[in-house]
Each structure stands twice: as C-alpha cells, then as structure tokens.
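Notes follow once the structure below has been shown.
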Amino acid sequence: MDARAVGVFDSGVGGLTVLHECLVTLPHEDFVYLGDHARLPYGPRPLAEVRGFAREIGAFLEAQDVKLIVVACNTATSAALPQLQEELSVPVIGVISPEARAAVQATRNRRVGLLATQGTVDGGRYHDLVRALDAGVELRAVACPRLVPLIESDDPYGEDTESAVREYAAPLKDAGVDTVILGCTHYPLIRPVFQRVFGRDVTLVFSAEETAREVSDTLTRKRIENGAQRTGAYRFLTTGDPTAFREMGRRFLQLPIGDVEHVTLAQLGAAA
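The sequence shown begins at 2 in the working numbering and counts up by one.
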C-alpha cells in the first residue's frame, strides 16, 4: 500500500472532468489537483511556453510527494509529456495516449476525427500516436477555439454552443469518420450536445474516462495503489482566485469542493 496522493494538473478547471472519473474509478486514492488559472488558457499559447509551465508544475507536485502525476490537459500533454517523463522520478500520464489507443480500437472504417484546441492540433501528438498504433488510420483534426469559452459561460448548453459544435463537426462528418476524439478536458461537460450532433453511429472518445483507466492500470502495475478498504480524500490548489475556482469547479467536478489553496507563480518557479 502506498498512501501518497496522485497529483493532477490543468490550466484551469477542465481537468476536473478527469479528476471526477479518477475519483469514481479509484475512491480509495488521495488526489491533489492544481489549476494554473493565472496563466490560462494554454490552448492559444506557443507550445514551448506551455512546456515551461508544465515543467514548473510537475516539479512542484513532485515536491509535494505525490506518487504519480496526471497531465489533465491536452495542450500540456502535447507540449511537455516526454520531457516530464524524463525529468521526474514519478510516473507521468497524459490524456492523449489513452484516447488515441481507444479511438484506434473503436474505429471500424479507420477514419477518425479529432476536435481539440489549436495548441493540441498544432502539437501533432495525436497524429503520431494514431499512426504508431495503426498506420492505416486516417486522422482528421479540427481546432475549436470557440468551445472552451462557451463551455465556461453561463449557458454552456445554449444555441451558440450547439451551433459551434455543428460548425466544427461538419468537416468530420463530410469525411465520413466513425469515431471522434474529443480532445479537450472541457468537452465532457457538453457530452449531450456532441452526441446529438454526431448521432449514435459515431463513437465518441473522451479523455476523462480513458485516462482514469490508465491511472488505475498504472497504479496496479507499479504496485503503488492504496488499500481498497479506505476512503480517499482530495484537495485543490490554484494559481488564480480560489473563490472563482470553487464556483466554476463545482460544475466540472460534480462533487463538493471545500477549501482551495492559493499557490503563487513564484512558488512554482522555485520548484523547477
């Protein structure tokens, strides 16, 4: 039994969809979540800049004595996963590999779509991973810059959101994809909108569910899981406003959020 917590980080609250699935899948584990609200959004930023942010946060979480780190952000995974895995002494899991693997397994006609942020699309990791798994799979990627602000708005299920989803889905439907990777941790919050737009014949792959399975498998394989008889705890850190994090975070986590601790950018920089 290893009682240390699992560290999870994202640029904001989107990664809470991943944490939610982890809490449901691994109710006996402890988790610490860090949202880098002071520097969000990551999606439009240069990948080199995001890589620097991720390295700071990874070093900070390692100093908190976590036993595994989940990069619960598709852009940060695209920008920094190999570097984090090389530099940190604990296992590091991203959200892209589990999704790519699930999509390749799910597709029947070997045509897969990807909806994601600009940074994730530009990073090209989905293309590389899908090709490594099955070079015959065609991946069509579409950047969706309007979706994250709409999902974080006061009306995430409104007509504007559905209109944006239909716009971004159109080239994928025209390409005849039968599987779509929803490559942003915000997207599970509007799952019903995606399901209506694509219909039941298209398989939707979400990072949250696939990543939680990967975390569970890794803890078991490394023999660092916690005792199954205990009830785990979770806590939150943010580089931004704790009150704003708590209010928005409840929508994404769909579980209670208590105290939120503030971490300064100077503290993150000192850990790197």
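The beta-carbon is built from N, C-alpha and C at its ideal position, and this holds for glycine as well.
Fair warning: this is a prediction, and the values are worked out from it, not measured in the lab.
DSSP beta-bridge partners of residue i
i      : result
GLY177 : Beta-bridge pairing links GLY177 to no other residue.
THR239 : GLY36, HIS263
TYR46  : The sequence as given places Arg at residue 46; Tyr does not occur at that position. According to DSSP, which records beta bridges pairwise, ARG46 is partnered with nothing at all.
GLU139 : ARG112
ALA1   : Given that the chain is displayed from residue 2 to residue 273, the structure contains no residue 1 and the question cannot be resolved.
LEU205 : VAL181
VAL7   : PHE32, LEU69
Where the alpha helix (DSSP H) through residue i begins and ends
i      : result
THR221 : 208–223
GLY270 : 266–272
GLY228 : Taken as a continuous stretch (DSSP letters only), GLY228 belongs to no alpha helix (DSSP H), as it is neither H nor E.
GLY120 : 119–124
THR244 : 243–254
ARG102 : 97–107
VAL198 : 192–199
Contact under 9 Å by Cβ, residue i with residue j
i      : j      : result
VAL96  : THR108 : no
PHE246 : VAL14  : yes
VAL198 : VAL178 : no
ALA209 : VAL19  : yes
PRO269 : ASP11  : One detail in the question is off: residue 269 reads as Leu in this sequence, not Pro. Not in contact: LEU269 and ASP11 (Cβ atoms no closer than 9 Å).
PHE237 : LEU35  : yes
CYS127 : ALA142 : In the sequence under discussion, the amino acid at residue 127 is Tyr, which differs from the Cys named in the question. In this structure, ALA142 lies closer than 9 Å to TYR127 by Cβ.
ARG40  : PHE61  : no
VAL190 : LEU24  : Contrary to the premise, residue 190 reads as Leu rather than Val in this sequence. Cβ distance not < 9 Å, so LEU190 and LEU24 don't count as in contact.
VAL216 : VAL67  : no
ASN227 : GLU30  : yes
ALA213 : THR26  : yes
THR221 : ARG112 : no
GLU211 : PRO99  : yes
THR162 : VAL194 : yes
ILE182 : ALA101 : yes
THR232 : PRO28  : yes
Beta-carbon proximity list for residue i, same chain, < 7 Å, skipping 5 on both sides
i      : result
VAL105 : VAL131, LEU134, ASP135, VAL138
THR219 : LEU69, PRO92, ILE94
ILE258 : PHE237, ARG247, GLY250, ARG251
ARG167 : VAL198
PRO157 : LEU151, LEU190, ILE191
GLN65  : GLY8, VAL33
LEU140 : VAL113, LEU115, TYR127, HIS128, VAL131
Run of the beta strand (DSSP E) containing residue i, from where it starts to where it stops
i      : result
THR18  : Run containing THR18: none in the beta strand (DSSP E); it sits in the alpha helix (DSSP H), 17–26.
ILE152 : First-last for ILE152: 148–152, but that is the alpha helix (DSSP H), not the beta strand (DSSP E).
TYR34  : 32–36
ALA285 : Outside the displayed span of the chain (2 to 273) sits residue 285, for which this structure offers no information.
VAL14  : Careful: VAL14 lies outside any beta strand (DSSP E) and carries neither H nor E.
Sequence-distant residues of the same chain with beta carbon closer than 8 Å to residue i, five excluded per side
i      : result
ALA165 : CYS145, ARG147, LEU148, LEU151
ARG56  : ALA81, GLN84, LEU85, GLU88, ALA273
GLN196 : LEU205
VAL264 : LEU35, PHE61, LEU238, THR239, THR240
GLU262 : ARG236, PHE237, LEU238, THR239, PRO243
Close beta carbons around residue i, own chain, < 6 Å, minus the five adjacent residues each side
i      : result
GLY44  : THR76, THR118, GLN119, GLY120
PHE169 : The residue asked about is misnamed: residue 169 is Tyr in this sequence, not Phe. Around TYR169: LEU116, VAL143, CYS145.
GLU153 : none
HIS187 : GLY15, VAL149, ILE152
Any non-hydrogen atom of the ligand HEM closer than 8 Å to residue i Cβ
i      : result
ALA107 : Ligands in the displayed structure: none, and consequently the ligand HEM is not present.
Just list the alpha helix (DSSP H) runs in the region 49–93, keeping only unbroken ones of 4 residues or longer that don't cross its boundaries, in chain order.
75–88
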